[in-house]
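Here is the structure we will look at.
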Amino acid sequence: METTTITLPAATISGHAHRSATTATSTPIHNAATGALIGWQEQATADQIDKAVREAHKALPSWRTTSPATRAKLLKKIAELIEADRARLAAMQMQVSGKPPFEANLDVSDAAATFDYYAGLCAEAAAFTPETLKLPDDTVTGERFYEAVGVAALIVPWNFPMVTTAWKIAPALAAGCTVVLKPSEFTSPVEHMLAQIIAEAGVPDGVVNLVNGGGAVGAQLTAHPLIDKISFTGSTASGRKVMQAAAQDMKRVTLELGGKSALIVRADADIERAVSLAVGGAFTNAGQMCSATARILVHDDVYRKFMAAFETAVRAIQVAPPAEDVVMGPLVSAAQRERVQALLAQGVEAGASVAFSGQLDPACGDGFFMAPVVVAEPAVDNVLWTDEVFGPVACVKSFRTDEEAIALANDTRYGLVATVVTADQDAARRYKTQLRAGLVWINTPQLIFPQVCWGGLGLSGIGRELGLAGLRSYQELRHALTDAA
Ligand code: NAD
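When you line the sequence shown up against the working numbering, it's residues 395 to 879, in that order.
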């Protein structure tokens with residue numbers, strides 16, 4: 395029995411909730427772990443989207459001229475309030491997405507760490523201090539400086555709602571941008587809580603605004619002429635549309651898109667560690683990760699040993715509603731589960747064979763659960779090997795040489811991440827440089843730090859989030875030359 399009934403307004407603009415005149419366009423919010431309807435989200439109208447952008451535009455001159463020190467204090471306060479509200483934020487993520495407690499808590503930690511990191515960059519102030527240039531002509535002085543891009547549209551998906559949002563809002567605010575956020579229509583309660591926390595921290599009205607809705611609302615937002623910058627995380631298909639919309643006014647874009655990443659197990663790998671990294675890389679968040687390393691390449695010499703240990707580990711994964719010790723939760727929606735199961739069926743129909751699967755706990759009931767599945771030796775043109783599944787399906791393929799492993803790993807138009815498991819440091823160096831991926835993990839789980847930039851090559855997107863580059867993506871680089879006389 396659910397206890398919470400959520401009703402989310404169509405928009406929050408300058409600190410005020412804006413309701414919709416009709417419920418006809420509202421979308422349901424489900425508890426992914428039980429399937430139960432737990433609320434409704436109203437959809438923003440074209441007028442509300444326009445108002446949100448105009449309010450952000452109105453708030454810009456004053457916000458972009460606040461000192462980095464002032465912004466540092468506010469960002470720090472947001473990080474502290476997120477930590478203080480950990481229990482409620484984690485509970486909401488468990489309720490909406492069905493994430494196990496340890497994953498829901500990791501998301502809270504990640505969001506808080508991101509605000510904390512950008513608070514630090516603002517406090518240091520170096521990233522905002524004009525730099526004097528060395529020029530070959532001493533009759534002029536040159537200066538390089540950075541300025542907030544302007545009003546940013548921030549559009550995020552449902553898989554790590556609070557985290558993806560923090561990765562955008564924190565650097566945008568640090569840079570002096572004002573924003574209009576459009577959360578995913580499936581998981582927006584978490585972002586509404588985050589928006590309240592940001593207001594509570596003392597961020598002025600109009601600096602952070604939120605509009606609810608799906609792709610149509612996102613498209614209207616990206617087309618608005620007063621938007622200067624779009625930061626989008628989502629599928630490559632939607633990313634293309636966003637980039638086309640941005641082209642009209644030359645809006646700046648950051649695109650964090652899909653992936654089809656590899657995990658490589660060399661013959662010298664510690665197999666226990668390789669299995670643990672494979673389970674984490676393929677089945678964390680029920681495989682709904684842009685960074686899922688669901689193409690697992692294993693050296694022939696250790697293939698049988700790896701598969702035996704992997705099978706034991708996958709069969710032991712507890713798939714259940716959120717509770718201590720649960721390792722894997724449900725997919726976000728019934729539609730997402732259908733999509734993943736249809737892709738799996740398509741791959742099997744085309745000749746891929748399932749080597750083994752995990753199992754569902756009886757407590758899974760009507761939640762949107764799916765047991766983890768491992769496919770062995772699919773053909774290189776099988777859809778399960780080539781396409782992003784975004785669910786708990788991993789493929790394993792054997793290789794004989796490093797050259798073959800690198801060629802197989804790079805045989806994709808995506809290029810987000812990769813993992814290598816090896817005891818050989820020289821080999822690790824070769825893989826690090828030859829794998830086409832924005833981030834390579836060597837013998838580590840998928841560690842993410844706000845100091846380390848995130849983003850991919852090819853179809854995985856354009857630009858970087860996090861780190862100094864994440865801040866710079868919300869700034870315009872400018873120069874001035876002055877007569878020195
Ligand atoms: P999606 O593209 O369907 O939607 C993402 C967001 O964009 C949602 O808020 C949606 O409402 C909005 N949207 C959809 N069409 C739009 C349009 N034409 N204009 C503007 N906004 C639009 O993706 P999804 O199903 O929500 O998320 C899964 C995808 O996100 C996967 O492909 C995954 O790889 C990707 N993803 C990437 C990263 C990364 O950092 N690279 C992180 C998480 C998810």
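Built from N, CA and C at the ideal position, the CB exists for glycine as well.
Is the CB-CB distance between residue i and residue j below 9 Å?
i: leucine 604; j: leucine 575; result: yes
i: threonine 421; j: glycine 761; result: no
i: alanine 404; j: threonine 439; result: yes
i: aspartate 662; j: threonine 816; result: yes
i: alanine 542; j: alanine 569; result: yes
i: leucine 829; j: isoleucine 856; result: no
i: asparagine 499; j: arginine 480; result: yes
i: threonine 616; j: glutamate 650; result: no
i: glycine 723; j: threonine 419; result: no
i: valine 490; j: phenylalanine 554; result: no
i: valine 611; j: glutamine 730; result: no
i: glycine 850; j: glycine 832; result: yes
i: alanine 453; j: valine 601; result: yes
i: methionine 764; j: valine 720; result: no
i: leucine 875; j: glutamate 537; result: yes
i: proline 494; j: proline 716; result: yes
i: valine 669; j: phenylalanine 700; result: yes
i: arginine 660; j: alanine 426; result: no
i: leucine 871; j: proline 565; result: no
i: tryptophan 848; j: tryptophan 561; result: yes
i: leucine 657; j: threonine 813; result: yes
i: glycine 653; j: serine 632; result: no
i: glutamate 585; j: valine 550; result: yes
i: valine 597; j: leucine 468; result: yes
i: alanine 507; j: proline 844; result: yes
i: valine 647; j: alanine 450; result: no
i: serine 655; j: valine 811; result: yes
Look up residue i in the DSSP assignment and give the residues it is bridged to.
i: methionine 722; result: Val713
i: phenylalanine 750; result: Val768
i: serine 792; result: Val692
i: alanine 874; result: Glu537
i: asparagine 603; result: Val574
i: glycine 861; result: DSSP, once it has assigned bridges, lists no residue as partnering glycine 861.
i: tryptophan 835; result: Thr813
i: tryptophan 378; result: Since the first and last residues shown for the chain are 395 and 879, residue 378 lies out of range.
i: glutamine 869; result: Ala542
i: isoleucine 563; result: Per DSSP, none; premise fails for isoleucine 563.
i: tryptophan 552; result: The partner list for tryptophan 552 (beta bridge, DSSP) is empty, contrary to what the question assumes.
i: alanine 405; result: His412 and Val605
i: isoleucine 842; result: Isoleucine 842 pairs with nothing; no bridge assigned.
i: glycine 433; result: Ile400 and Ile423
i: leucine 527; result: Gly536
i: phenylalanine 626; result: Ile549 and Leu649
i: isoleucine 658; result: Leu691 and Val814
i: valine 787; result: Val767
Just confirm the distance between the C-beta atoms of residue i and residue j, as a whole number of angstroms; I'd bet it's less than 8 Å.
i: arginine 807; j: leucine 853; result: 5 Å
i: alanine 473; j: phenylalanine 509; result: 4 Å
i: alanine 749; j: valine 768; result: 5 Å
i: alanine 676; j: threonine 687; result: 6 Å
i: alanine 714; j: aspartate 755; result: 4 Å
i: serine 747; j: alanine 770; result: 6 Å
i: threonine 470; j: alanine 513; result: The residue asked about is misnamed: residue 470 is lysine in this sequence, not threonine. Right, their Cβ atoms sit about 4 Å apart.
i: glycine 741; j: valine 708; result: Actually they do not touch by this definition, with Cβ atoms about 17 Å apart.
i: valine 545; j: cysteine 516; result: About 19 Å; that fails the 8 Å criterion.
i: alanine 803; j: leucine 671; result: Not really, about 15 Å apart at Cβ, beyond 8 Å.
i: glutamine 442; j: serine 582; result: About 15 Å separates the two Cβ atoms, so there is no contact after all.
i: threonine 526; j: alanine 878; result: Contact flag wrong, Cβ pair sits at about 11 Å.
i: alanine 640; j: glycine 409; result: In fact, because the Cβ distance is near 28 Å, the residues do not count as touching under 8 Å.
i: isoleucine 624; j: alanine 736; result: So it is not a contact: roughly 31 Å between Cβ atoms.
i: isoleucine 476; j: valine 447; result: Wrong, their Cβ atoms sit about 26 Å apart, outside the cutoff.
i: arginine 689; j: cysteine 758; result: Wrong, their Cβ atoms sit about 27 Å apart, outside the cutoff.
Discussion item. For the segment 671-681 against the segment 777-785, do three or more pairs of beta-carbon atoms, one drawn from each stretch, fall closer than 8 Å, so that the two count as touching?
Written reply: Cβ pair count under 8 Å is three or more, so yes.
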